[in-house]
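Read through the structure below, which is laid out as C-alpha cells, and then see the notes.
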Amino acid sequence: MPPVELVAACRPSFPLESGGTIDIGRVAAHPLLLLDSGFVVRKTFDTACRLARLKPNILFESGVPHNLLAFAEAGLGVAVIPSVVQTHRYALRLARITHERKPLREPSLLCGTSGASFRATSGLLRALAAHMRERSSITRQPVPKLDGPNKRRSPVRTKVR
C-alpha cells in the first residue's frame, strides 16, 4: 500500500503558489485548517513545523477532513489533509506538502477493533499475504495466523508496508 501524504488544499484563487508540491514554509504562513491533534497526519505536520522552526498560523481545527475542505473551498485558508481523503467534490487546488524537498508522508495503516471489522481486516491481510507470497521470490518468514478478535478491548493495529 502506498504511503499517506500530506496535501495542501485551497480555493483555486487563494494566494498560494501553484505547482504539484509546496514547501511547508510556504504553507505555514497562511491561515491553516488542520485536523485535530489526534490524527497522525497532524502530528507529522506539527513535527515538520518544529523541525523547520515554523510557527503555523492555525485558524481552525476539526476531526472531520471534509469540514476543512469546505472551509478551504470557501476561501478561508489552506486545509492540510491526508492524501486518502476524496477531494473530487470540491473546487480546490491541491499540492503535496514537502520539507527539504521531500514529501511529508506516513506509512499506510490498517486498523480493526473486533467482530466484523476485525474479520474484514484479517481477511484483507490474509489475501494481501497470499498475493505477496505468489509475487515474491524472496525467502519468507511464516505469516502469523489470525484466528479471531484480540481478547483485549483496545483496537488492534496492524502496520502494512
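Here the working numbering runs 472 ahead of the position in the sequence shown, where the first position is 1.
The C-beta atom is built at its ideal place from N, Cα and C for all residues, glycine as well.
Am I right that residue i and residue j are in contact with their C-beta atoms under 8 angstroms? What's the rounded C-beta distance?
i           : j                 : result
alanine 480 : valine 550        : 5 angstroms
alanine 500 : proline 528       : 4 angstroms
leucine 505 : leucine 548       : 7 angstroms
leucine 564 : glutamate 545     : 6 angstroms
leucine 531 : proline 503       : 4 angstroms
leucine 478 : phenylalanine 511 : That belief does not hold up - the Cβ atoms of leucine 478 and phenylalanine 511 are roughly 11 angstroms apart, past 8 angstroms.
What is the rounded straight-line gap between the Cα of residue i and the Cα of residue j?
i             : j             : result
proline 474   : leucine 597   : 15 angstroms
leucine 566   : proline 487   : 13 angstroms
serine 509    : alanine 520   : 14 angstroms
glycine 595   : aspartate 495 : 39 angstroms
valine 557    : arginine 568  : 13 angstroms
arginine 573  : lysine 515    : 19 angstroms
valine 552    : leucine 540   : 8 angstroms
threonine 469 : threonine 570 : There is no way to answer for residue 469, as the model of the chain reaches only from 473 to 633.
leucine 526   : arginine 498  : 10 angstroms
tyrosine 562  : serine 485    : 14 angstroms
Since residue i sits in a beta bridge, which residues does DSSP pair it with?
i            : result
arginine 568 : Val479, Thr493
lysine 574   : His571
serine 534   : Leu507
valine 550   : Leu504
Count the other CB atoms within 10 Å of the CB of residue i; is the residue buried (16 or more) or exposed (fewer)?
i             : result
arginine 483  : buried
proline 579   : exposed
leucine 523   : exposed
histidine 560 : exposed
Counting only C-beta atoms, is residue i closer than 7 angstroms to chain C at any point?
i            : result
cysteine 482 : Absence of chain C from the displayed structure is noted, only one protein chain being present.
Return the chain-ordered list of same chain residues with a C-beta closer than 6 angstroms to the C-beta of residue i, the five sequence neighbours on each side being excluded.
i                 : result
proline 554       : Val476, Val513
phenylalanine 543 : Leu505
alanine 599       : none
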